[in-house]
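2 protein chains.
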Amino acid sequence: MLDVCLLGTSGMMPLPNRWLTSCMLKYNGSSLLIDCGEGTQIAIKEADRHFKSIDIICITHFHADHISGLPGLLLAIANSNRVEPLIMIGPKGLTKVVQSLCIIAPELPFPIQCIEINKKDEYFEINGYHIHAFKVDHKVLCYGYAIEIKRQGRFDIDKAKTNNVPLSLWNKLQHGETIVENNMTYTPDMVLGNPRKGLKMTYCTDSRPVRCIVDAAKDSDLFICEGMYGDEDKKEKAIQKKHMMFSEAATLAKKANVKELWLTHYSPSLINAQQYLLNTQKIFNQTYLGEDGKYIDLMFEDEE
Amino acid sequence: MLDVCLLGTSGMMPLPNRWLTSCMLKYNGSSLLIDCGEGTQIAIKEADRHFKSIDIICITHFHADHISGLPGLLLAIANSNRVEPLIMIGPKGLTKVVQSLCIIAPELPFPIQCIEINKKDEYFEINGYHIHAFKVDHKVLCYGYAIEIKRQGRFDIDKAKTNNVPLSLWNKLQHGETIVENNMTYTPDMVLGNPRKGLKMTYCTDSRPVRCIVDAAKDSDLFICEGMYGDEDKKEKAIQKKHMMFSEAATLAKKANVKELWLTHYSPSLINAQQYLLNTQKIFNQTYLGEDGKYIDLMFEDEE
Chain A
0 MLDVCLLGTS GMMPLPNRWL TSCMLKYNGS SLLIDCGEGT QIAIKEADRH FKSIDIICIT
60 HFHADHISGL PGLLLAIANS NRVEPLIMIG PKGLTKVVQS LCIIAPELPF PIQCIEINKK
120 DEYFEINGYH IHAFKVDHKV LCYGYAIEIK RQGRFDIDKA KTNNVPLSLW NKLQHGETIV
180 ENNMTYTPDM VLGNPRKGLK MTYCTDSRPV RCIVDAAKDS DLFICEGMYG DEDKKEKAIQ
240 KKHMMFSEAA TLAKKANVKE LWLTHYSPSL INAQQYLLNT QKIFNQTYLG EDGKYIDLMF
300 EDEE
Chain B
0 MLDVCLLGTS GMMPLPNRWL TSCMLKYNGS SLLIDCGEGT QIAIKEADRH FKSIDIICIT
60 HFHADHISGL PGLLLAIANS NRVEPLIMIG PKGLTKVVQS LCIIAPELPF PIQCIEINKK
120 DEYFEINGYH IHAFKVDHKV LCYGYAIEIK RQGRFDIDKA KTNNVPLSLW NKLQHGETIV
180 ENNMTYTPDM VLGNPRKGLK MTYCTDSRPV RCIVDAAKDS DLFICEGMYG DEDKKEKAIQ
240 KKHMMFSEAA TLAKKANVKE LWLTHYSPSL INAQQYLLNT QKIFNQTYLG EDGKYIDLMF
300 EDEE
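Keeping their order, the protein sequence lines are chains A and B. For the first sequence, the residue numbers in numbering that gives the first Met the number 0 are 0 to 303. For the second sequence, the residue numbers in numbering that gives the first Met the number 0 are 0 to 303.
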């Protein structure tokens, strides 16, 4: 199960009753946070999530509304008695930005390992999260993140027997270990069926709607995407500021064949997102408005 | 009239429904902000104050809960179309801290002038605010601020005549100008009576209760002071962390002969401040609990 919580939905600046856009995932006891604007630590508390399990923080870009809450969050994590290292992933320059912001959080009890993304596409595997960072099209260097939880095949007793795997090794192989015994190498695939469908969520903000987003988000169970404006009269502004319309996010969602789309990163000028929803759903039916604290438990296909 | 608004009352970290401690003053169209933790820009909006008139930001010290909201606030001020310079006052090191935090707000449309306090006591006069920065006793270098609005004497026609001030100069002198005419220098005091009582508010957080706070806060109309803990069982913790008890703040208020005391900078562990109020009022009767957005219009004695 993958728990996904959209902590906030505001773009540009936090508002009373609208936290800045960020998203927190939890899988197998390990949490991953994407972006951390001013107030995100409060949003985490309001959403009843916890600081200590945050192992990974992915940053899309260095505009203040996506990272200004970092020092406060790191101190909140420190206050949760975390001492384990924390991994940060973000665009080139991440190390310097983190160091600069941490001038007011100089004595953290845990080390931070910064991983700077250097290519258009990069892939990481941490704590079961398969993270694909993909470069999008914003005013500054900016990445989206597609995050997958893979799922191995079922244990296949016939395959194990056919491959002459000793009974004593079945359990370990099933749990992913590779074992060498009597000069034979036994690998998990020798006792497992074909990999089963895993879980995938894709997060993209801020960007114009470019093709690589469709590719990265392909077949996601959940696609969280910026919808800066609903009103089509603001399209010129969206193009100029390198943001996205509701309709453009929906078009991406349709092309990427995702299960559902949550809109977020609303402009402060967007008071009533609801009024644009019907038209957006005409483009992609499974469009939903993101709300602060909205969450979903993504389940493996036969998991209940 | 001096408008004083306590924007938040939390210490250490912002909480759902409790903004970090900071305070905004407005006098004669010019606003002065003391401290700026994470979320202060939202607190300013909630308190229905405005960004554009913020001419001065005083910082008590560089712990994150007192300055982490700075980049977001500066961007909000930028967004209000301000182009006029903004003055920041704070402990030694201010320039570096501001520069570091502004790595995520690199292109502000207004210049920032940083004034670093170098002595135990320093005095500034900006836009009618007479600011006394006084060093207090915290874990890091920290200052309190006593802020006065002075008030000149009434126009005194007899004095003007006695001093042989030409009638044509009376108005200018009354409004503070010094004029040289016919080799004679005319100063405002030649047409004005004794200065009248002005307005004074003093702000102190974070500190142990030391004598210099009493001296600085002397006869204030309003004393806003940290009360980290109400429960006397936490006194050891207060001493160790260099914070102040409700009772200690009240004792300072009494000694300083202030008109009223507002407590603030509550520990996140302090859920019900009310339960400690009665005992605190036994020490200083005019003690009030600070609340987010609590404000007062301090009036000159005969002003209505």
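Ideal placement from N, C-alpha and C gives every residue a C-beta, glycine not left out.
Handout entry: Separation of B/C203 from B/V135, as counted between CA atoms
Key = When rounded, the distance between both Cα atoms is 8 Å.
Handout entry: Candidates A/E302, A/K138, A/Y265, of which the one nearest A/G10 by Cα
Key = A/Y265
Practice task
Kindly indicate the opening and closing residues of the beta strand (DSSP E) around B/H131.
Solution key: Run containing B/H131: 128-134, per the beta strand (DSSP E) assignment.
Practice task
Starting from A/F123, follow the alpha helix (DSSP H) in both directions and report where the run begins and ends.
Solution key: From DSSP, A/F123 is part of no alpha helix (DSSP H) but of the beta strand (DSSP E) over 120-125.
Practice task
Kindly list the residues whose CB is nearer than 6 Å to the CB of A/Q273, restricted to its own chain and excluding five residues on each side of it in sequence; keep chain order.
Solution key: So the list is empty, once near-sequence residues are dropped.
Exercise for the section: Rounded to whole angstroms, what's the CA-CA distance from B/M305 to A/W18? Just pull it up for me. Expected result: Because chain B is modelled from 0 through 303, residue 305 of chain B falls outside the range shown and cannot be assessed.
Handout entry: Members of the segment 66-83 of chain B near chain A, C-beta cut-off 8 Å
Key = I66, S67, G68, P70, G71, L74, A75, N78
Practice task
Have a look at A/D205, A/G292, A/L5 and flag the residue whose alpha-carbon is nearest the alpha-carbon of A/M244.
Solution key: Residue A/D205 is the option with its Cα nearest to A/M244.
Handout entry: Residues of its chain near B/K158, where Cβ-Cβ distance is below 8 Å and the 5 sequence neighbours each way are ignored
Key = M189, V190, L191, G192
Problem - Rounded separation between A/V209 and A/N278 - CA only - result: 21 Å
Exercise for the section: May I ask you to list the residues that DSSP assigns as paired with A/E259? Expected result: According to DSSP, which records beta bridges pairwise, A/E259 is partnered with A/L221.
Problem - Every unbroken beta strand (DSSP E) within the segment 272-300 of chain A, with a cutoff of 3 residues, ordered by chain - result: You should have 286-288, 293-297.
Exercise for the section: May I ask you to check if the CB of B/E231 is nearer than 7 Å to at least one heavy atom of the ligand ADP? Expected result: Only the bare structure without any ligand can be found here, which leaves the ligand ADP out of the picture.
Exercise for the section: From the DSSP output, read off the bridge partner residues of A/I56. Expected result: Partner(s): A/L32, A/M87.
Exercise for the section: Would you grab the beta carbon distance between B/D232 and B/Y275 for me? Rounded to a whole angstrom, and I think it's under 8 Å. Expected result: So it is not a contact: roughly 11 Å between Cβ atoms.
Practice task
Please list, in chain order, all residues of the same chain as B/D291 whose beta carbon is under 6 Å from its beta carbon, the five residues on each side excluded.
Solution key: G7, T8, W18
Problem - Best match in A/D54, A/G152, A/M183 for proximity to A/N29 [C-alpha to C-alpha] - result: The question names Asn, yet the displayed sequence has Ser at residue 29 of chain A. Residue A/D54 is the option with its Cα nearest to A/S29.
Exercise for the section: For the alpha helix (DSSP H) containing B/T94, list its first residue and its last residue. Expected result: It spans 93-100 - the alpha helix (DSSP H) in which B/T94 sits, taken as one unbroken run.
Problem - For B/R207, the nearest candidate out of B/E247, B/V3, B/Y185 (CA to CA) - result: B/E247
Exercise for the section: Answer yes or no: does any C-beta atom of chain B fall closer than 8 Å to that of A/A237? Expected result: no
Practice task
Could you list which residues in chain B have their beta carbon closer than 9 Å to that of A/S99, in chain order?
Solution key: Q98, S99, L100, C101, I102, I103
Practice task
Identify every residue that forms a DSSP beta bridge with A/E180.
Solution key: Looking at the DSSP assignment, A/E180 forms a beta bridge with A/M183.
Exercise for the section: Can you tell me which of A/I178, A/Q280, A/L93 puts its alpha carbon nearest to the alpha carbon of A/I56? Expected result: Looking at the Cα atoms, A/L93 is the closest of the given residues.
Problem - Any 3 or more C-beta pairs closer than 8 Å across the segment 81-91 of chain A and the segment 56-73 of chain A - result: yes
Practice task
Count the CB pairs spanning the segment 99-119 of chain A and the segment 76-85 of chain A that are closer than 8 Å, and state whether there are at least three.
Solution key: Because the criterion of three Cβ pairs below 8 Å is met, the segment 99-119 of chain A and the segment 76-85 of chain A touch.
Handout entry: Contact set for B/W169: own chain, Cβ-Cβ below 8 Å, skip 5 residues either direction
Key = F154, A159, V190
Problem - Three or more C-beta pairs below 8 Å linking the segment 214-228 of chain B and the segment 168-188 of chain B - result: No, the segment 214-228 of chain B is not in contact with the segment 168-188 of chain B.
Exercise for the section: Please decide whether B/K138 counts as near chain A, where near means a Cβ-Cβ distance under 8 Å. Expected result: no
Problem - Cutoff 8 Å: B/L14 Cβ touching any chain A Cβ - result: yes
Problem - Rounded separation between A/K281 and A/T20 - CA only - result: Cα-Cα distance, rounded: 25 Å.
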